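Reading through the structure tokens given below for one structure.
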Ligand code: DGL
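In my numbering, the protein residues as written are 9 to 277.
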């Protein structure tokens with residue numbers, strides 16, 4: 009077996025992709041990972057497609073320069089708008105994330121589901137092709153939740169402000185009888201506790217991150233790229249902006265471990 013102890017590269021516009029990183033790290037605990045947060049250009053959700061493609065290509069190049077063996081685009085906005093370009097341009101395997109419309113539509117009992125995502129994701133062709141395929145029998149309500157990205161980037165989850173903003177988004181959806189809410193942005197799993205205060209158990213929250221970790225494992229195995237069991241794992245976190253935002257989030261969601269390193273990369277943003 010061909011073993012590769014090179015790292016898995018993961019990127020997002022900011023801290024949101026950590027929700028994907030957590031699942032990958034849980035499933036593949038002996039793999040090294042380089043995480044890149046493009047905080048200098050966050051949020052991606054309001055940017056033009058060309059800008060998102062440009063930032064995603066820079067993030068990918070950065071991770072390739074760090075020796076990564078596969079790139080996980082831990083951002084729905086970047087996947088929806090840029091992954092086709094990235095696959096054509098860079099000779100490395102990619103895994104992307106798009107809102108989990110299919111499982112939500114298949115499992116819905118009320119026949120009404122909602123997708124909470126950035127405007128960039130909701131207007132993309134990739135997302136709309138999937139949505140059309142699954143909205144024949146299911147009513148799909150689209151909700152732009154860009155404001156929630158700032159809430160997570162500023163560490164405001166669990167505050168009154170977060171709950172208030174979420175109530176404005178979610179109450180009309182409950183009145184509309186949704187039974188599935190798709191978390192179509194990787195920042196949103198960090199709001200699950202706040203969302204649950206509003207929905208209780210009446211709504212299933214669909215987060216594709218565990219499936220993305222499974223997909224990453226599948227591709228690494230298929231390409232004979234799994235790290236050896238005795239790999240000296242290293243996790244490196246980089247930010248194109250202020251590293252403290254990322255460090256605080258890692259501290260809160262996983263704890264800072266001796267094999268983790270944090271640095272800023274402000275050169276080319
Ligand atoms: N975390 C991102 C996503 O999944 C991007 C949020 C943003 O930068 O607007 O879409």
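Note that the Cβ used here is the ideal one computed from N, Cα and C, for glycine as well. On a predicted model such as this, the values are computed, not experimentally measured, just so you know.
Query, Result
"Beta-carbon proximity of residue 154 to residue 229, cut-off 9 Å", "no"
"Given residue 91 as reference, the closest of 48, 244 and 19 once Cα atoms are compared", "19"
"Contact between the segment 240-255 and the segment 36-54 (3+ Cβ pairs under 8 Å)", "yes"
"Contacting residues, own chain, Cβ-Cβ under 6 Å from residue 31 (five flanking each side not counted)", "217, 218 and 221"
"Residue 47 classed as buried or exposed, judged by whether at least 16 other C-beta atoms fall within 10 angstroms", "buried"
"Counted within 10 angstroms of its Cβ, other Cβ atoms place residue 45 as buried (16 or more) or exposed", "buried"
"DSSP state of residue 45 mapped onto helix, strand, coil", "strand"
"contact_flag[the segment 181-198, the segment 103-120] where n(CB pairs < 8 Å) is 3 or more", "yes"
"Contact test: residue 125 Cβ vs ligand 1 heavy atom, cutoff 8 Å", "yes"
"Beta-carbon proximity check, residue 291 vs residue 21, cutoff 9 Å", "Nothing can be reported for residue 291, as the shown portion of the chain is limited to 9 through 277."
"Cβ-Cβ distance between residue 195 and residue 24 below 9 Å", "yes"
"8 Å Cβ shell around residue 34 - same chain, five flanking residues per side excluded", "221"
"Pairwise C-alpha distance: residue 107 and residue 144", "17 Å"
"Any non-hydrogen atom of ligand 1 within 8 Å of residue 188 CB", "no"
"Pairwise C-alpha distance: residue 119 and residue 251", "43 Å"
"Residue 274 versus residue 209: straight-line alpha-carbon distance, rounded", "43 Å"
"Through-space distance from residue 111 to residue 142, alpha-carbon basis", "10 Å"
"Complete beta strand (DSSP E) runs within the segment 145-180 (minimum length 3 residues, chain order)", "147-152"
"C-beta contact flag for residue 103 and residue 86 at 9 Å", "no"
"Rounded straight-line distance, which links the Cα of residue 72 to that of residue 123", "32 Å"
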